[in-house]
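For reference, the structure discussed in these notes is given below.
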Amino acid sequence: MSKLRHYETMFIIKPTLTEEETAAQIDGVKAIIEKNGGEIVQCDNMGSQQLAYEIEKHKRGYYYLVYFKGEPAGIAEIERNYRINENIIRFIFIKYENKKEIAAWTYMCGEAAKKAN
1 MSKLRHYETM
11 FIIKPTLTEE
21 ETAAQIDGVK
31 AIIEKNGGEI
41 VQCDNMGSQQ
51 LAYEIEKHKR
61 GYYYLVYFKG
71 EPAGIAEIER
81 NYRINENIIR
91 FIFIKYENKK
101 EIAAWTYMCG
111 EAAKKAN
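Mapping of the sequence shown onto the numbering used here: position 29 corresponds to residue 29, and the numbering continues sequentially without gaps.
Right under this line is the structure:
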């Protein structure tokens with residue numbers, strides 16, 4: 001088994017969904033991360049925010065951030081699921097590689113936990 005890498009993913013969900021539908025989308029993404037060998041460390045629900053520019057005729061979006069550890073091979077499958085999900089209008093993955101980046105990742109997970117409490 002290869003060493004788990006540190007990742008951050010942020011995705012934006014269409015603002016037209018109900019609270020329940022949005023929660024279901026978030027749970028679905030978490031399940032896909034875990035199904036593909038990911039270990040979720042911290043989540044940050046950033047809520048509905050103004051988009052920097054209009055995407056698919058939407059001016060707002062529901063932002064959600066997940067810090068996780070995972071196998072590089074699993075990222076492609078998670079990304080494929082993002083692409084086929086019509087309710088996710090944007091997403092990004094960030095990989096943390098060197099010690100300084102991993103220290104920053106660890107710090108951000110702690111900060112996200114403090115904000116959540």
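Beta carbons: idealized from backbone N, C-alpha and C, even for Gly.
What residue from the options has the CA that sits closest to residue i's CA?
| i | options | result |
| --- | --- | --- |
| R90 | Y7, K14, H6 and K3 | K14 |
| E97 | E111, F11, G70 and A76 | G70 |
| E19 | W105, S48 and R83 | S48 |
| V66 | R5, T16, L4 and V29 | V29 |
| P72 | G110, F11, G37 and C109 | G37 |
Which residues in the same chain have their Cβ closer than 7 Å to the Cβ of residue i, if we skip the five residues on either side of it in sequence?
| i | result |
| --- | --- |
| I32 | I78 and N81 |
Rounded C-beta distance between residue i and residue j? I'm assuming under 8 Å.
| i | j | result |
| --- | --- | --- |
| Y63 | T22 | Actually they are not in contact, since the Cβ atoms of Y63 and T22 sit about 11 Å apart, beyond 8 Å. |
| I92 | H6 | Their Cβ separation, rounded to whole angstroms, is 15 Å, which puts I92 and H6 out of contact at 8 Å. |
Which same chain residues, not among the five before or five after residue i, have their C-beta less than 6 Å away from its C-beta?
| i | result |
| --- | --- |
| M1 | In this predicted model, M1 has a pLDDT of only 46, less than 50, meaning its place in the structure is not dependable enough to derive any value. |
Does the beta carbon of residue i fall short of 7 Å from some heavy atom of the ligand SAH?
| i | result |
| --- | --- |
| L65 | The model depicted lacks the ligand SAH and carries no ligand whatsoever. |
Runs of alpha helix (DSSP H) lying entirely within the region 5-57, each at least 4 residues, in chain order: 19-35
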